[in-house]
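Engineer:
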Amino acid sequence: DAPGIYEFYQRDVKQAGRDAHPFSRGVNFVGSLFMAFLLKLTPARRMFYSLALFVFIYGFLVGSWIWGVLGFLALNLLLAFELADKLTARDDLEVAREIQMGLMPRSAPEDTPFDIACYSEAAREVGGDYYDFIQPAQPADTTLIVIGDVSGKGMGAALYMVQVKAILRNLISQHERPHEILTTLNTQLKQILRQGSFFTVSIASVNAKPELTLCRAGHMPLIHYQHECRTCREVLPGGIGIGLPDHGRFAELLEETTVPFAPGDVLLFYTDGLVETMNTSKVEFDDFRLKQLIEANAAKPAREIQNAILSALARFRGAAPPLDDITLIVMKVK
76 DAPGIYEFYQ
86 RDVKQAGRDA
96 HPFSRGVNFV
106 GSLFMAFLLK
116 LTPARRMFYS
126 LALFVFIYGF
136 LVGSWIWGVL
146 GFLALNLLLA
156 FELADKLTAR
166 DDLEVAREIQ
176 MGLMPRSAPE
186 DTPFDIACYS
196 EAAREVGGDY
206 YDFIQPAQPA
216 DTTLIVIGDV
226 SGKGMGAALY
236 MVQVKAILRN
246 LISQHERPHE
256 ILTTLNTQLK
266 QILRQGSFFT
276 VSIASVNAKP
286 ELTLCRAGHM
296 PLIHYQHECR
306 TCREVLPGGI
316 GIGLPDHGRF
326 AELLEETTVP
336 FAPGDVLLFY
346 TDGLVETMNT
356 SKVEFDDFRL
366 KQLIEANAAK
376 PAREIQNAIL
386 SALARFRGAA
396 PPLDDITLIV
406 MKVK
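Residue numbers for the sequence shown follow the numbering used here, beginning at 76 and rising by one.
(1) Is V239 helix, strand or coil by DSSP?
(2) Look at the alpha carbon of S107 and the alpha carbon of T262, and state the distance between them as a whole number of angstroms.
(3) Skipping 5 residues on each side, what residues in its chain have a beta carbon closer than 7 Å to that of R392?
(4) So what does DSSP say about G318, is it helix, strand or coil?
(5) Which residue marks the beginning of the alpha helix (DSSP H) containing D224, and which one marks its end?
(6) Runs of 3 residues minimum, wholly inside the stretch 312–390: which ones carry the beta strand (DSSP E) assignment?
(7) Taking the alpha helix (DSSP H) that Q213 falls in, what are its first and last residues?
(8) Three-state secondary structure (DSSP) at E407?
(9) Name the residue from K409, D400, V408 and K407 whose alpha carbon lies nearest to the alpha carbon of A197.
(10) So, are the CB atoms of L368 and A383 less than 9 Å apart?
(11) So, with DSSP's three-state summary, where would you put H299?
(12) What distance in whole Å lies between the Cβ atoms of I315 and V276, which are believed to be in contact at a cut-off of 8 Å?
(13) In three-state DSSP terms, what is F129?
(14) Judging by CA-CA distance, which residue of K375, L153 and K407 is the nearest neighbour of R120?
(15) Return yes when the Cβ of L114 is within less than 9 Å of the Cβ of L150, no when it is not.
(16) Could you give the residue range of the alpha helix (DSSP H) that holds L260?
(17) Would you report the Cα separation of M179 and E370, rounded to the nearest angstrom?
(18) Check the DSSP bridge columns for V310 and list the partner residues they point to.
(19) Could you round the C-beta distance between I191 and M406 to whole angstroms and report it? I think they count as a contact, below 8 Å.
(20) When you compare only the Cα positions, how much space is there between I220 and D160?
(21) C290 and I298 look like a contact to me (Cβ under 8 Å); what is the Cβ gap, rounded to whole Å?
(22) Consider the C-beta atom of F274 and the heavy atoms of the ligand PLP; say whether any pair is separated by less than 8 Å.
(23) Comparing C-alpha positions only, which one of Y124, L162, C307 and V137 sits nearest to L148?
(24) Pick from R378, A387, A374 and G134: whose alpha carbon is nearest that of P338?
(25) Round the Cβ separation of N282 and T217 to the nearest angstrom and send it over; I've been treating them as touching at under 8 Å.
(26) Considering E286, what are the terminal residues of the beta strand (DSSP E) in which it resides?
(27) Using DSSP with H/G/I as helix, E/B as strand and the rest coil, what is E196?
(28) Check whether the Cβ atoms of V334 and L403 lie closer than 9 Å to each other.
(29) From H322 to L328, what distance separates their C-alpha atoms?
(30) Quick check on T163: does DSSP put it in helix, strand or coil?
(31) Do I267 and Q249 have their C-beta atoms closer together than 9 Å?
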């Protein structure tokens, strides 16, 4: 937990000027870090901590072990309160995680021309990635594949994800084409997203025809492995993320494209957390490695392709902590 805790407090640490003496910078850093920690406490606990610290230091300076022990016990009592709060919050987050995972599809639809495997992992207890398979009443033979990513991570992103899911489900019952769905979604979400937040999403529509209709609002490209030529290509129709400045041109910039597929082809939808995963040397996994993995494992079932990607990702990341949520949908044409 140390890197995450350090990052949490460092946000409030004031940096000394570069011209300052190294000793002065060190003193300034320690003092700012202490104040950042102190200000995170509630006012009552802040006073209790200050008093306990004073008693402990006083006992040390005057050589009175009684005062020192009293200060030490008071500090540990405060630590117990903080630990209880953290454990309660962690329990709440675990419940939130279970609720969020319950909102994800339990399994992929079977009545499609694809063998499908999907995976989602939050960088924290809850995350902002979202995927879904929706089969609207009309047209009856259509399946919509949705994958999206709310900016940020943690509880804030997770709450937006729940809202997005509810709005999308409603819009899909009213509109058929991905372009119409995303245009209306942009109008509604812009009223909800706070300034600086945005949402990237891809929607693909599949029916009885051997083709997929794709619309992308700023999301990662679709990777299409073509069995005939044994290579991967990126499908990247135009479109910007929802919530980003569009000067009223969102619908105009949003493109819808058709992707023909054949038996043996592999289609991969994913969020940026996959290719932007870093190892301990701060090197990204990148899309080149991802395409190589797909090409090397394309003859396998979708689940095995997914496992090959996740295993390679884990080896690459090593001991580095996850920085973003990761979601992928592997679809192999039957």
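Think of the CB as a built atom: it goes at the ideal place given N, C-alpha and C, for glycine as much as any other residue. Predicted model only: the values in this text are computed from it and were never measured.
Structural biologist: The short version:
(1) As a working note, residue 239 is residue 164 in the sequence shown. DSSP places V239 in helix when its eight states are reduced to three.
(2) Sequence index remark: in the sequence shown, residue 107 carries index 32 (1-based). Sequence index remark: in the sequence shown, residue 262 carries index 187 (1-based). Pairing S107 with T262, the inter-Cα distance amounts to about 43 Å.
(3) Position 317 of the sequence shown, counted from the start, is the residue given in the question as residue 392. The residues are T352 and N354.
(4) For this step, residue 318 is matched to residue 243 along the sequence shown. G318 falls in the coil class under three-state DSSP.
(5) Working through the sequence shown from its first residue, we reach residue 224 at position 149. Per DSSP, D224 belongs to no alpha helix (DSSP H); it is in the beta strand (DSSP E), T218 to V225.
(6) Taken in chain order, the complete beta strand (DSSP E) segments of 3 residues or longer contained in the stretch 312–390 are 331–335 and 341–345.
(7) The sequence position of residue 213 within the sequence shown is 138, counting from 1. Segment: none, Q213 is in no alpha helix (DSSP H) and carries neither H nor E.
(8) Translated into the one-based positions of the sequence shown, residue 407 becomes position 332. One point to set straight first is that residue 407 is Lys, not Glu, in the sequence displayed. Correct three-state label for K407: strand.
(9) On the sequence shown, residue 197 is found 122 positions in, with the first residue counted as 1. It is D400.
(10) Counting from one through the sequence shown, the residue named residue 368 turns up at place 293. Counting from one through the sequence shown, the residue named residue 383 turns up at place 308. L368 places its beta carbon less than 9 Å from that of A383.
(11) Here residue 299 refers to the residue found at position 224 when the sequence shown is read from its first residue. DSSP places H299 in strand when its eight states are reduced to three.
(12) Start at 1 with the first residue of the sequence shown, and residue 276 comes out as number 201. Start at 1 with the first residue of the sequence shown, and residue 315 comes out as number 240. Contact annotation, V276 with I315: C-beta distance approximately 11 Å; criterion of less than 8 Å not satisfied.
(13) Translated into the one-based positions of the sequence shown, residue 129 becomes position 54. In the structure shown, F129 sits in a helix (DSSP, three-state: H, G or I).
(14) Walking along the sequence shown from the start, residue 120 turns up at place 45. Looking at K375, L153 and K407, the one whose alpha-carbon comes closest to that of R120 is L153.
(15) Taking the first residue of the sequence shown as position 1, residue 150 is located at position 75. Taking the first residue of the sequence shown as position 1, residue 114 is located at position 39. It is not a contact, given that the beta carbons lie outside the stated cut-off.
(16) Looking up residue 260 in the sequence shown gives position 185. Its alpha helix (DSSP H) spans residues P253 to L264.
(17) Here residue 179 refers to the residue found at position 104 of the sequence shown. Here residue 370 refers to the residue found at position 295 of the sequence shown. Taking the straight line from one Cα to the other gives about 28 Å.
(18) The residue given as residue 310 occupies position 235 in the sequence shown. Under DSSP, V310 shares a beta bridge with L297.
(19) By one-based count along the sequence shown, residue 191 stands at place 116. By one-based count along the sequence shown, residue 406 stands at place 331. Going by Cβ atoms, the distance from I191 to M406 rounds to 5 Å, so yes, they are a contact pair.
(20) Here the question's residue 220 lines up with position 145 in the sequence shown. Here the question's residue 160 lines up with position 85 in the sequence shown. When rounded, the distance between both Cα atoms is 40 Å.
(21) Start at 1 with the first residue of the sequence shown, and residue 290 comes out as number 215. Start at 1 with the first residue of the sequence shown, and residue 298 comes out as number 223. I298 and C290 do not touch by the CB rule: their CB atoms are close to 17 Å apart, not below 8 Å.
(22) Summarising the ligand content, the structure contains no ligands, and the ligand PLP is consequently not present.
(23) Along the sequence shown, one-based indexing puts residue 148 at 73. Comparing Cα positions, the closest option is Y124.
(24) Along the sequence shown, one-based indexing puts residue 338 at 263. Comparing alpha-carbon positions, the option among R378, A387, A374 and G134 lying closest to P338 turns out to be A374.
(25) Indexing the sequence shown from 1 puts residue 282 at position 207. Indexing the sequence shown from 1 puts residue 217 at position 142. Rounded, the Cβ-Cβ distance is 5 Å, consistent with contact.
(26) Residue numbering aside, residue 286 sits at position 211 when the sequence shown is read from its first letter. Residues E286 to A292.
(27) The residue labelled residue 196 in the question sits at position 121 within the sequence shown. DSSP, read as helix, strand or coil, puts E196 in strand.
(28) As a first step, residue 334 must be located in the sequence shown, where it is residue number 259. As a first step, residue 403 must be located in the sequence shown, where it is residue number 328. Contact: no.
(29) Position 247 of the sequence shown, counted from the first residue, corresponds to residue 322. Position 253 of the sequence shown, counted from the first residue, corresponds to residue 328. If you draw a straight line from the Cα of H322 to the Cα of L328, it comes to about 11 Å.
(30) Reading the sequence shown from its first residue, position 88 is the one you call residue 163. Secondary structure of T163 (DSSP, three-state): helix.
(31) Translated into positions along the sequence shown, residue 267 becomes position 192. Translated into positions along the sequence shown, residue 249 becomes position 174. No.
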